[in-house]
Amino acid sequence: MTGPLPGEELPGEELLVERLRQGGRLSVVTGAGVSAASGVPTFRDAGGLWRGFRAEELATPQAFARDPEAVWEWYDWRRGQIAACDPNPAHETLAAWSRRPGFRLVTQNVDGLHERAGTEAVVRFHGSIWELGCWDGCAEAPARWWDDSVPLDPRPPRCPACGGLARPGVVWFGEGIDPAVLEAALGATACDVFLVVGTSSLVHPAAGLIDEARRQGAFTVEINPEATPVSESADLVLPGPAEAVLPRVDAALT
Ligand code: OAD
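The sequence shown lines up with residues 3 to 256 when you count with the numbering used here.
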């Protein structure tokens, strides 16, 4: 047998426990890996494709302008998948930690599972799959509105104000991050412990937050069964699944 058994403590976990016991400010950035155990497919692992397309080919303004029906069909399919999923022990542990003073959570996930687990004030770096916006950006519609109907009817959905096309309330490749969201995420890099969980750390600017946290003196930790571009520079790498590592660290804290 090579490597630790499932459920067995990883080397270095006690270092994270020790840091968290000190009670400083904890900030966490999550990616699709945190929802993997809930059954939400990640983007870049096997299962991340839809009809042979990669997310980068569908999640763009150009793809939507070309074929809004196809892009909405993909989002409708993902919304249906997510609606059938529940938060897992990784989300639940982070929800419990969100009651620590100074805790901040920035997620790249659009699935809403952190909120469903009870985490408040989540910084949704890439928006929400449960929100819609007016594709034309008409002045009468709110910037984003909630719509959790599954399946969508009609599809593609329409803007309630101008009757034009609605778009998913997510950040697409090539689009900027909302300045207030970016500010909140940068604010979270001022902390004592900075955890990066379940992200391939390939998509910027989210992937650069860990460097900013380290620059400001945070103890940086990555939790991911696979190595990523930030593994080399993180102070501690815990190469295990989030749904096992986080509850184990939490149990050791109490
Ligand atoms: P990816 O699919 O790129 O990466 C998922 C990461 O989760 C990989 O590094 C896996 O090794 C890891 N992983 C898988 N199972 C895990 C588990 N049980 N516990 C911990 N980690 C696990 O997803 P993201 O990094 O979130 O953007 O992708 C970043 C962005 O690219 C997304 O927000 C989305 C995407 O295209 C937009 O749509 C703009």
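All C-beta atoms, glycine included, are put in the ideal place defined by N, C-alpha and C.
If you measure from the CB of residue i, is any heavy atom of the ligand OAD nearer than 8 Å?
i      : result
Ile84  : no
Ile225 : yes
Asp47  : yes
Ala92  : yes
Gly174 : With the sequence shown as reference, residue 174 is identified as Trp, and Gly is not the correct amino acid for it. Answer for Trp174: yes, Cβ within range of the ligand OAD.
Thr95  : no
Gln110 : yes
Ala258 : No information on residue 258 is available, as it lies outside the stretch 3 to 256 that the chain covers here.
Val199 : yes
Thr44  : yes
Val36  : yes
Glu133 : no
His128 : yes
Inspect the beta-carbon positions of residue i and residue j and report whether they are closer than 9 Å.
i      : j      : result
Asn90  : Ala39  : yes
Val36  : Ala244 : yes
His128 : Val173 : yes
Ala168 : Leu204 : no
Arg157 : Glu75  : yes
Ala190 : Arg106 : yes
Cys193 : Arg27  : yes
Val251 : Thr95  : yes
Since residue i is in the beta strand (DSSP E), which residue starts that stretch and which ends it?
i      : result
Thr32  : 28-32
Val195 : 195-199
Leu238 : 238-240
Trp132 : 129-136
Arg106 : 106-109
Under DSSP, the alpha helix (DSSP H) around residue i begins and ends at which residues?
i      : result
Leu17  : 15-23
Val247 : 244-255
Pro68  : It should be noted that the sequence gives Arg, not Pro, for residue 68. Where Arg68 is concerned, the enclosing alpha helix (DSSP H) stretches over 63-68.
Ala57  : 57-60
Please classify residue i as buried or exposed, where buried requires at least 16 neighbouring CB atoms within 10 angstroms.
i      : result
Cys140 : exposed
Arg68  : exposed
Trp148 : exposed
Glu185 : exposed
Arg102 : exposed
Ser151 : exposed
Glu104 : In the sequence on display, residue 104 carries Gly and not Glu. Gly104 is exposed by the Cβ-count criterion.
Thr4   : Reliability fails at Thr4, whose pLDDT of 47 lies under 50, so the model's placement of it is uncertain and the value that follows must be treated cautiously. It counts as exposed.
With a threshold of 9 Å between beta-carbons, can residue i be considered close to chain C, or not?
i     : result
Val19 : Here chain C cannot be found, since the structure has a single protein chain.
What are the start and end residues of each continuous alpha helix (DSSP H) run of 4 or more residues lying completely inside the region 152-224, in chain order? Taken in chain order, the whole alpha helix (DSSP H) runs of length 4 or more contained in the region 152-224 are 181-190, 211-217.
Every unbroken beta strand (DSSP E) within the region 75-117, with a cutoff of 3 residues, ordered by chain: 106-109
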